[in-house]
Each structure stands twice: as structure tokens, then as C-alpha cells.
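Top to bottom, those sequences are chains A, B, C and D. One point on numbering: in this note's numbering, the residue at position 142 of the first sequence is 142, and numbering is uninterrupted. One point on numbering: in this note's numbering, the residue at position 7 of the second sequence is 7, and numbering is uninterrupted. One point on numbering: in this note's numbering, the residue at position 176 of the third sequence is 176, and numbering is uninterrupted. One point on numbering: in this note's numbering, the residue at position 63 of the fourth sequence is 63, and numbering is uninterrupted. Glycine included, every Cβ here is placed at the ideal spot set by N, Cα and C. All figures in this text were calculated on a predicted structure; none of them were measured in a lab.
Protein chains: 4
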Amino acid sequence: MGETTERTRIVAWQDPLPGSEAARELGGLEYLRAIARGELPAAPIADLMEFSLSEVEEGRAVFGCVPAEYHYNPIGTVHGGLACTLFDSAMGCAVHTMLPAGVAYTTVELKVNFLRPITSETGRLLCEGKAIHVGGRIATAEARLYDEADKLYGHATTTCMIFREGSKERSVGESRR
Amino acid sequence: MGETTERTRIVAWQDPLPGSEAARELGGLEYLRAIARGELPAAPIADLMEFSLSEVEEGRAVFGCVPAEYHYNPIGTVHGGLACTLFDSAMGCAVHTMLPAGVAYTTVELKVNFLRPITSETGRLLCEGKAIHVGGRIATAEARLYDEADKLYGHATTTCMIFREGSKERSVGESRR
Amino acid sequence: MGETTERTRIVAWQDPLPGSEAARELGGLEYLRAIARGELPAAPIADLMEFSLSEVEEGRAVFGCVPAEYHYNPIGTVHGGLACTLFDSAMGCAVHTMLPAGVAYTTVELKVNFLRPITSETGRLLCEGKAIHVGGRIATAEARLYDEADKLYGHATTTCMIFREGSKERSVGESRR
Amino acid sequence: MGETTERTRIVAWQDPLPGSEAARELGGLEYLRAIARGELPAAPIADLMEFSLSEVEEGRAVFGCVPAEYHYNPIGTVHGGLACTLFDSAMGCAVHTMLPAGVAYTTVELKVNFLRPITSETGRLLCEGKAIHVGGRIATAEARLYDEADKLYGHATTTCMIFREGSKERSVGESRR
Numbered sequence: 001m002g003e004t005t006e007r008t009r010i011v012a013w014q015d016p017l018p019g020s021e022a023a024r025e026l027g028g029l030e031y032l033r034a035i036a037r038g039e040l041p042a043a044p045i046a047d048l049m050e051f052s053l054s055e056v057e058e059g060r061a062v063f064g065c066v067p068a069e070y071h072y073n074p075i076g077t078v079h080g081g082l083a084c085t086l087f088d089s090a091m092g093c094a095v096h097t098m099l100p101a102g103v104a105y106t107t108v109e110l111k112v113n114f115l116r117p118i119t120s121e122t123g124r125l126l127c128e129g130k131a132i133h134v135g136g137r138i139a140t141a142e143a144r145l146y147d148e149a150d151k152l153y154g155h156a157t158t159t160c161m162i163f164r165e166g167s168k169e170r171s172v173g174e175s176r177r
Numbered sequence: 001m002g003e004t005t006e007r008t009r010i011v012a013w014q015d016p017l018p019g020s021e022a023a024r025e026l027g028g029l030e031y032l033r034a035i036a037r038g039e040l041p042a043a044p045i046a047d048l049m050e051f052s053l054s055e056v057e058e059g060r061a062v063f064g065c066v067p068a069e070y071h072y073n074p075i076g077t078v079h080g081g082l083a084c085t086l087f088d089s090a091m092g093c094a095v096h097t098m099l100p101a102g103v104a105y106t107t108v109e110l111k112v113n114f115l116r117p118i119t120s121e122t123g124r125l126l127c128e129g130k131a132i133h134v135g136g137r138i139a140t141a142e143a144r145l146y147d148e149a150d151k152l153y154g155h156a157t158t159t160c161m162i163f164r165e166g167s168k169e170r171s172v173g174e175s176r177r
Numbered sequence: 001m002g003e004t005t006e007r008t009r010i011v012a013w014q015d016p017l018p019g020s021e022a023a024r025e026l027g028g029l030e031y032l033r034a035i036a037r038g039e040l041p042a043a044p045i046a047d048l049m050e051f052s053l054s055e056v057e058e059g060r061a062v063f064g065c066v067p068a069e070y071h072y073n074p075i076g077t078v079h080g081g082l083a084c085t086l087f088d089s090a091m092g093c094a095v096h097t098m099l100p101a102g103v104a105y106t107t108v109e110l111k112v113n114f115l116r117p118i119t120s121e122t123g124r125l126l127c128e129g130k131a132i133h134v135g136g137r138i139a140t141a142e143a144r145l146y147d148e149a150d151k152l153y154g155h156a157t158t159t160c161m162i163f164r165e166g167s168k169e170r171s172v173g174e175s176r177r
Numbered sequence: 001m002g003e004t005t006e007r008t009r010i011v012a013w014q015d016p017l018p019g020s021e022a023a024r025e026l027g028g029l030e031y032l033r034a035i036a037r038g039e040l041p042a043a044p045i046a047d048l049m050e051f052s053l054s055e056v057e058e059g060r061a062v063f064g065c066v067p068a069e070y071h072y073n074p075i076g077t078v079h080g081g082l083a084c085t086l087f088d089s090a091m092g093c094a095v096h097t098m099l100p101a102g103v104a105y106t107t108v109e110l111k112v113n114f115l116r117p118i119t120s121e122t123g124r125l126l127c128e129g130k131a132i133h134v135g136g137r138i139a140t141a142e143a144r145l146y147d148e149a150d151k152l153y154g155h156a157t158t159t160c161m162i163f164r165e166g167s168k169e170r171s172v173g174e175s176r177r
């Protein structure tokens, strides 16, 4: 979705408005599956940073990304912002898969641990988010970021706030691991 | 550094290698001032996401950014990854300003709180990072993200690891606030 | 409130029920001032761990504690749980001071950085919590832990959920620092 | 290890010095197994707060605790400091099990999510910590807190610093989950 020549890239994205309207009418899992199949537009930031939703099921979402030079910080490795963006996406979507139509969420806080440097030699990374607890008002999730050899580059947790208008408290997915 | 027409942007960035070599030879504050003045290349990710270092002094760094549609998530607001990227930059650089030449650092973990949604109507945001503690092996910093009316959009803390080859433990900047 | 002889202490605490009932009827600041003056019982855990509320005002609460051998971990320093308990108290109470009668809160998450070891030689510690943002549903706060020479031992942030039954969203205390 | 009559408890603990000396001479797992078997003294804070190490193996440690009135905050539930103390213990010990004799660690930061209130009706809680990454200088771990019906009350992550004098970087336990 972006063409690279030398140190120039053409980034194209789609109007996020139709997708965000669909998000209100569909259950989270249905909505995210439509994005994964390309039937609804991806997030503009996914086109900007070149990552995409590769797997989604109830309580789980996986994003893929190939780190490149345009993700670099000034000290010679990929900027931590890339991993944060992938973690926020994977965990937010993992929570979203658990929400019925008409129930919205927002990320309240995010905590990321970086375990080793990422470079343009790292190759494709997968960021797997999993819901831990989805309650009436609060949901939490966790994520791991690893390469194709299953080497771990970082992990994260998040807290989301859930907006259930008029709906009762419920609790899902909180069994012992 | 990026031209926008409709929903297409041409992103251009510079080779990060010369800058990262300079980072090894200069003290952190000197190095970051050279970036702020445009004498050394900015981070490629700063060109990609359109943010820049606007102020830097000992223990403090401020980045500016105007949130745009290409920063959006699929649910109609700016993706949390933008704030995370700004926070990581501001706090990492605030720590970096306290390090002499030859001393490197890496971010170990980052914790972000999001207080209100950011949209393309929000206007210019400033992300101010401040070092809290710079010790022999560990440094910590905090940051705030606010708009031009000083409305607060989020705050963050970070832990960095410091690599002092052969140098003694020291402690700076840890007085009561 | 506890007598120490050799490695034995008698811990006495008060029924927390009357205090928690008062908490529902009083505004947060009024309630906490009554605890600080000794007119309402302190938390049982404060008697157990020997810490107390020493200062409280709108948006700010300070707890004091003298670390002792009974706070130790098995590896020769004070257990991190003591600092966490002080941080949770100071930040929760800082938020509570901003809440009117009838509005409850609960701590959703807590993040603590430990900067240096605490021992029984450290002397009296003060843990100062300050509200950062108090919104309609979410509040955040931060805290610092320092000794009488203003040496910093740790810092923390927290997210609380606010339960305003039927009350409108409001926003306080979010100016730039 | 503490006798309760009405709202008074006699707390007795042991000198932590011999145990902390043993900690330097034994590998972490061997040391913690000696504590679990009662051959080395538990942490004084474990006697104060009434919790104990119930299981320990490579990369994993479980603490048990029965929440009681003396753990209460002033607003009618168990204080968050109890969960934090259990999390810090379980995660620190999970990391410690991976360290050979002569290698020390310290907790740099801790992040806790609280999912539901704990009361004296909750019954026995188990806090299970697991190492995620044990590197040359940094280790991370996670933990869950649940009751005997496997209901989840909270979860946490931590970052520890490892002090390997003269030893090489190594990496353990970082496979994909």
C-alpha cells in the first residue's frame, strides 16, 4: 500500500469515516473480520506505518509488520513507537472482538516492555494480542511481539474502558492460565 | 517534509546511519541540539509521522506534532500509537540530554495514560519529556501531552537502561518536586 | 499503634465498617481530614504496616512511614510491597480529595518505579500523591517517595475509575505543569 | 505465624540477615525451595501480612494468602497494597529461580491491574508468577492472582535488573506462548 524508491515512499490511505460508522453497527469480531478480508478500510495509520491485521478470532488479534528504515529512531534502531502502535492495535482489537454491536471501547492506558532491539534485518514481526478480562466497564489485554523464529521482542498490557449503554455487567475470559 | 494531496502523501527521510554515528561521539544534549537545529538528520520515523523536536535542554525535551487523518485508527480518532511515539521520543531524549559522549541508553519500558481522544481538529500538540532520575544503570522520565490551550491529552513514564562503559555510578536530578 | 519487643509486635486495628460508611456520606477531602485528625479510624492496613496520613488537601495526600525490619523481603532490604502500599494510598487519597459526597472510586491499575533500596536505616519516608486528571469516569494521579533529605526512592502513577451516579462529566486539574 | 484475638494480632518474625546471606551462596531455585520447606526463614513481611510461598519451580513461583480484616483500606475492601505485595513476591521469585548462585537481582518497576474487589469473604488467594524473559541485564515476569474457584482478581508485570558480575549475556525462556 506504499511504494518505496530510495528514501521516498508514497503513502495512500482511505477515508476512515465509513469504517468507523460500520464499527458502530457491527459486533467487534464481525467488524474486524471485514477489515482483515479487505471489505472495510484498514486504519490510515496501518497504511502509514505498513502493518496489517492478519488473524482475528474471539479474544485474539494478530498484526503483522516488516520493520524498515523509515521506522528508525535517530540512534540506529527501529523507534519504540512502532512496537507501541502494534501493541495498541493488537490489544485494542482483541478486546473489541469481545464486544457486541453498539458497545464502544477506548484505551485508557498501555504498558510496554522492550526486550531487544528491532532493525530492518529483523524481518517480519507478529504482534499477538489476547483479552484477559472483559468486564462491564473495564477490559484488560496482553500482547507479545515476536519474529518468525518465535524470538520475543517485547510484551505489553493494556486497560480499556467499555461503554455499554444500558447493558448489564458481564464477565468473560477470566479463567486461570 | 511530506506533501499531502487528497489521501496520498510523499514521505521522504534521510539515512539514519550518519546521525547514529554522531550520537556516539557527541554528548546527548549537544547531539539533540544539532538535530533540533537541522544540522543532523531527524529520525526517519519523525518524517514518516510528521513530528519534530522543538525544544531541548538539560533533562527536558519537547516534540511538536499536528495530528492528521493519516494518524487515524479505524474507529474514528487518532491511533494511540501516535501519542506513544511522541512520549517515547520525548522521554528518551530527556534522558539522553543527561548522558555524556560515549554513554548509550535504551528504553526498557514505557507506560502511557490516554486522557481524551485526539482528532484532526485537535491542532498542534506538544509532548514534553522530563528526566526524573538518572542513575548509573537505570534512568526514569515522565512526559505530558497537551494542546496549545494547555489541555492535557495524556501522560507517561519510562524506564531506560544506561550503558556506562567503565564509568562509575552517579546520580542526578532526583530532588523532591 | 503497635508495640515492638524483639521480633514480636502486637498489632491492633479498628473495625473498618463505620469509616467506610462515613466515606459514603462525606466528601472525600472532608472524610480524609477526619482520618488525619484521628476522628475516623485509619485503615487497618495502616495499623498493620505502620504508616499514616500526615497531610491532605485538594488534589494531594501525603503518607509517612518509618521502614522497619518487619517490612523486609528475604534478600536483605525492605520489600517492594511497602512502597506499593504507600503509593496506592497516597494516589487513591489524592483522587478521593477531588470527589464530592456520594461519588466512589476504585483503583484500576498502579505502576511503580523503584529507584534505590530502602532499609531500616533509611529513616522516615514521605509518600506524596497528586491528582493529575479527574474526569467523569477516569482519574489519574502520580506520587513520589522520598526521605527527609529529599532523596527520591521511587515514583508511581495510577488510574482510578470514578462512579458518579447520575452526575455529569466534569474535568479538573489538567493544566500544563 | 500470628495469633488473632478480636482486633489484635501478635506478629512474630525472624532475623532476615541469615537468609539474605544464604541467598548469596545458593542458586535462586535452591534458595527458594529452602524457604518453601521452612529450612530458611521466610521474609519478615510475609509474617506481617500472612502470606507464604507454596510452590516454586524453574521460572515459576506461587504465593498463597487468606485476605483478612487487617488488610483492609478505609473504604471497606482489602487494600491494593496486599495484591501488590503478593505480585512483587511472586514475580521477583519467578525471576530469582532462573539465577545461579552469585547473581543478584532487584525490581526496577511493577505494574498491577486490579480486576475486582477483594474482601475477607474472598477466601484463599493464589498469586502465580512466571518469568517471561531473563536476559543478561534485564528480566521480566508476569503474574495472576486468583481464588480457589479460579476467579481472576488481578494481574501484573515487572521488570528486574540482573547483576551478573563478569558473566556473559544469556537469554532464557522467551519462546512464543
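- Inside the stretch 15-77 of chain D, DSSP marks whole beta strand (DSSP E) runs of 3 or more residues at positions 51-57, 60-65, from first to last along the chain.
- Look at the stretch 135-146 of chain A: the residues with a C-beta under 7 Å from a C-beta of chain C are Arg137, Ile138.
- The beta carbon of glycine 92/C sits closer than 6 Å to the beta carbons of Thr107 from its chain, once the five residues preceding and following it are set aside; these are given in chain order.
- Within the stretch 67-134 of chain C, complete alpha helix (DSSP H) segments of at least 4 residues are found at 80-96, given in chain order.
- Partner residues in the beta bridge of glycine 154/B, as assigned by DSSP, are Phe114/B, Leu145/B.
- Take methionine 161/B, set aside five residues on each side of it, and the residues of its chain with a beta-carbon closer than 6 Å to its own are Thr106, Val108, in chain order.
- Rounded to whole angstroms, the gap between the alpha carbons of arginine 24/C and histidine 96/C is 11 Å.
- Around the CB of glutamate 69/D, 16 or more other CB atoms lie within 10 Å, so the residue is classed as buried.
- Scanning its chain for C-beta atoms nearer than 8 Å, with the 5 sequence neighbours on each side dropped, one finds around alanine 94/C the residues Gly59, Arg60, Ala61, Gly129, Lys130, Ala131, Ala141, Ala143, in chain order.
- Secondary structure note for arginine 9/A: its beta strand (DSSP E) is the uninterrupted segment 8-12.
- Under a 10 Å Cβ-count criterion, alanine 149/D is classified as exposed, with fewer than 16 other Cβ atoms of the shown protein chains found around its own Cβ.
- Counting the other CB atoms within 10 Å of its CB gives leucine 99/C a total of 16 or more, which places it among the buried residues.
- Contact annotation: the stretch 32-46 of chain A touches the stretch 7-21 of chain A, with at least three C-beta pairs closer than 8 Å.
- Interface with chain D (9 Å Cβ-Cβ cutoff): arginine 164/A is excluded.
- Cysteine 65/B and proline 67/C have their C-alpha atoms spaced approximately 45 Å apart.
- The beta carbon of glutamate 30/C sits no closer than 9 Å to any beta carbon of chain A.
- A Cβ-Cβ distance of about 6 Å is found for the pair leucine 110/B and aspartate 88/B, placing them in contact under the 8 Å criterion.
- Distance between phenylalanine 163/B and leucine 40/C, taken at the CA atoms: about 50 Å.
- In summary, alanine 42/D is buried, with 16 or more beta-carbon neighbours lying within 10 Å of its beta-carbon over all protein chains present.
- In terms of Cβ geometry, leucine 115/B and glycine 135/C form a close pair [threshold 9 Å].
- Excluding the 5 residues flanking it on each side, valine 112/C has same chain C-beta neighbours closer than 7 Å at Ala83, Cys84, Phe87, Gly154, Ala156, in chain order.
- A direct Cα-Cα distance of roughly 16 Å separates isoleucine 45/A from cysteine 127/A.
- Interface with chain A (9 Å Cβ-Cβ cutoff): isoleucine 132/D is included.
- Non-local C-beta neighbours of threonine 77/C in its own chain, meaning closer than 6 Å and more than five positions away in sequence, comprise Pro117, Thr119, ordered along the chain.
- For glutamate 25/B, no CB of chain D lies under 9 Å from its own CB, so it is not counted at the interface with that chain.
- Taking 9 Å as the CB threshold, cysteine 65/D stays off the interface with chain C.
- Contact annotation for tyrosine 70/C against chain D: Val11, Trp13, Pro44, Ile45, Asp47, Leu48 [CB-CB distance below 8 Å, chain order].
- Distance between alanine 90/D and phenylalanine 63/D, taken at the CA atoms: about 6 Å.
- For methionine 91/C, there are no C-beta contacts with chain A under 9 Å, since the nearest C-beta of that chain is about 14 Å from it.
- Taking 9 Å as the cut-off, the Cβ atoms of leucine 26/B and valine 56/B do not count as close.
- Taking a beta-carbon distance threshold of 9 Å, proline 41/C counts as an interface residue toward chain D.
- Shown in chain order are the members of the stretch 100-133 of chain D whose Cβ falls below 7 Å from a Cβ of chain B: Val108, Glu109, Lys111.
- In chain order, Ile132, His133, Thr140, Glu142, Thr157 make up the part of chain A whose C-beta sits under 9 Å from the C-beta of histidine 155/D.
- Among the residues facing chain A, methionine 161/C is included, as its CB has a counterpart in that chain under 9 Å away.
- Taking the beta carbon of arginine 37/C as reference, no residue of chain D falls within 8 Å; the closest one sits roughly 14 Å away.
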